[in-house]
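What follows is one structure encoded as structure tokens, with my remarks underneath.
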Amino acid sequence: MEMNRREFVVAATVASACVAGGISCEAHAASADPTPNHPVECGSVSDYSRDGAFDAFAKDKRIMLVRKSGRLYATTATCSHRNCVIKSVANDLRCPCHGSRFTLDGTVAKGPAQHALVRYGISAAGGKITVDPTKKFNQDQWHDPQSYVSVA
Ligand code: FES
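Per my numbering, the sequence shown runs over residues -17 to 134.
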């Protein structure tokens, strides 16, 4: 199958950007985004017994769970810069592609990312944690009780 001129220009631009950045082009493919479009069971409340980030679902589901200040919440594990998978390192969230860092809250601590990480809907019924990536909460909505679970 041959590319038309526009498709070629787009493909060449993406390829050169990936090479220049020294990163995997797969990380940028929107079609490769594995974020579920349905609720996902993410273990029990007891699995998140300390403050910090939990990245067990980051690679496969693009969900990062974070416990902080008496709350458990779920952020996207997709960097808001160019969609690479972020990792939990020490006490913050880091993107290996271009060096962006996010606080555990999901706000930008260091660019080039410019936008906070979106949070997903989360609930705890019978002690089981369910994250719903179809419910999204931007930073100005993080007070919404559907965007966190209280943990004592
Ligand atoms: S994709 Fe560029 S810093 Fe994350």
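Just so it is clear, CB atoms sit at the ideal spot from N, CA and C, and this is done for glycine as well.
Just so it is clear, the structure is predicted and the values come from calculations on it, not from any experiment.
Distance CB(residue i)-CB(residue j) smaller than 7 Å
| i | j | result |
| --- | --- | --- |
| valine 100 | lysine 117 | no |
| isoleucine 111 | tyrosine 55 | no |
| alanine 159 | cysteine 61 | Since the first and last residues shown for the chain are -17 and 134, residue 159 lies out of range. |
| threonine 17 | proline 115 | yes |
| valine 133 | valine 22 | no |
| alanine 106 | valine 27 | yes |
Closest residue to residue i among the options (Cα-Cα distance)
| i | options | result |
| --- | --- | --- |
| cysteine 24 | Lys43, Pro94, Leu75, Asp126 | Lys43 |
| methionine 46 | Cys79, Asn19, Asp87, Gly81 | Asp87 |
| tryptophan 124 | Ser70, Pro16, Tyr102 | Tyr102 |
| asparagine 73 | Asp15, Gly34, Ala107, His63 | Gly34 |
| phenylalanine 39 | Asp15, Ala59, Gly108 | Ala59 |
| glycine 109 | Asn120, Val131, Pro127 | Val131 |
Rounded straight-line distance, which links the Cα of residue j to that of residue i
| i | j | result |
| --- | --- | --- |
| tyrosine 30 | valine 48 | 8 Å |
| arginine 53 | asparagine 65 | 26 Å |
| histidine 20 | valine 67 | 20 Å |
| serine 129 | serine 51 | 14 Å |
| aspartate 37 | lysine 69 | 7 Å |
| alanine 14 | lysine 41 | 12 Å |
| leucine 75 | aspartate 122 | 20 Å |
| isoleucine 5 | histidine 97 | At isoleucine 5 the pLDDT is 46, less than 50, meaning the model places this residue with poor confidence and gives no usable figure here. |
| phenylalanine 84 | proline 127 | 22 Å |
| histidine 80 | threonine 89 | 16 Å |
| arginine 32 | valine 71 | 15 Å |
| glycine 93 | asparagine 120 | 18 Å |
| serine 82 | histidine 63 | 8 Å |
field: Heavy atoms of the ligand FES versus C-beta positions, residues under 5 Å
entry: A residue is listed when its beta-carbon falls short of 5 Å from at least one non-hydrogen atom of the ligand FES; in chain order these are Cys61, His63, Arg64, Cys66, Cys77, Cys79, His80, Ser82.
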